[in-house]
Amino acid sequence: MIPEINTILYPTDLSETSNHAFSYAASLANRYDGSIVILHVLKDVTHSSEDLVTNVIGEKKWKEVLDRNKMAVVENIRKRLEDFCEQTRSEMSGCPFLVKNIKVEIGNPVDKIVAEAAKDDYDMVIMGARGHGAIAGTVIGSVSRRVVRRCKKPVLLVRLPD
Numbered sequence: 051m052i053p054e055i056n057t058i059l060y061p062t063d064l065s066e067t068s069n070h071a072f073s074y075a076a077s078l079a080n081r082y083d084g085s086i087v088i089l090h091v092l093k094d095v096t097h098s099s100e101d102l103v104t105n106v107i108g109e110k111k112w113k114e115v116l117d118r119n120k121m122a123v124v125e126n127i128r129k130r131l132e133d134f135c136e137q138t139r140s141e142m143s144g145c146p147f148l149v150k151n152i153k154v155e156i157g158n159p160v161d162k163i164v165a166e167a168a169k170d171d172y173d174m175v176i177m178g179a180r181g182h183g184a185i186a187g188t189v190i191g192s193v194s195r196r197v198v199r200r201c202k203k204p205v206l207l208v209r210l211p212d
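Sequential numbering of the sequence shown, starting at 51, is according to our numbering.
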């Protein structure tokens, strides 16, 4: 049985590598008349940092600041993603692929990506991979490596061209 690709989960950290991976997601969605769900995960504040801040300004004030800033950041990222989608559509004239949804989550990126891939009807995950340090050509990023290990769906990792 040859699998069909109807819905692609595209996690992005808004990096150059991730943006390059979007072109692959758009190409596959276009070819299979599918759709893309974009997911951006904001890392949550560490407990030690949160403890330090709450000791200085108090827990109630910290919660107010967090709520206000999280919403502002989420809206800012959503706007950037929407602009990026529109730019990609204009570069692929006549491209019928559909960005079905743009989701912005707060938490651990690996956990959120794997959970999202598992809960909805995604056929595959397409994301950027980037190497680190002196052996960048042979090592993929830690988030993408952990997603590949834990995700039950096929994962396509895309590197930047040399």
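Note that beta-carbon positions come from the ideal geometry of N, C-alpha and C, so glycine has one too.
8 Å Cβ cutoff met for residue i and residue j
i, j, result
"I86", "V154", "no"
"I163", "I88", "no"
"I55", "M174", "yes"
"R209", "A179", "yes"
Outcome for residue i when other beta-carbon atoms lying within 10 angstroms are tallied against a minimum of 16
i, result
"S140", "exposed"
"L78", "buried"
"G187", "Only weak support is given to the placement of G187: the predicted model assigns it a pLDDT of 44, under 50, and the value that follows is read from those uncertain coordinates. G187 is exposed by the Cβ-count criterion."
"V115", "exposed"
"E109", "exposed"
"V197", "buried"
Option nearest residue i by Cα separation, candidates the options
i, options, result
"V160", "T57, R199, Y172", "R199"
"P53", "E109, P204, H90", "P204"
"N126", "L64, L206, R196", "L64"
"L207", "E132, A165, N69", "N69"
"T57", "V103, Y82, A71, E136", "Y82"
"F72", "D171, E132, V124", "E132"
"G84", "G108, D101, I107, L59", "L59"
"V14", "E136, T104, V193", "Limits of the chain in this structure are 51 at one end and 212 at the other, which puts residue 14 out of reach."
Residue i to residue j span [Cα, whole Å]
i, j, result
"A75", "D94", "27 Å"
"E66", "W112", "33 Å"
"V189", "N119", "Model confidence at V189 stands at a pLDDT of 47, short of 50, so the residue's coordinates are unreliable; what they give is reported in the following sentence. For V189 and N119, the distance between alpha carbons rounds to 34 Å."
"Y172", "K202", "10 Å"
"Q137", "R130", "11 Å"
"M121", "D212", "37 Å"
"D101", "G157", "17 Å"
"V124", "D117", "11 Å"
"E166", "R128", "17 Å"
"T104", "P61", "31 Å"
"V106", "N80", "52 Å"
Residue i at chain E interface by Cβ criterion, 8 Å
i, result
"L116", "Reference to chain E is not applicable here, since this structure consists of a single protein chain."
Any non-hydrogen atom of the ligand NAP closer than 7 Å to residue i Cβ
i, result
"K110", "With respect to small molecules bound, the structure shown includes none, and the ligand NAP cannot be examined in it."
Which complete beta strand (DSSP E) runs does the segment 143 to 169 hold, if anything under 3 residues is left out?
Counting whole runs of 3 or more residues, the segment 143 to 169 contains the beta strand (DSSP E) stretches 148 to 156.
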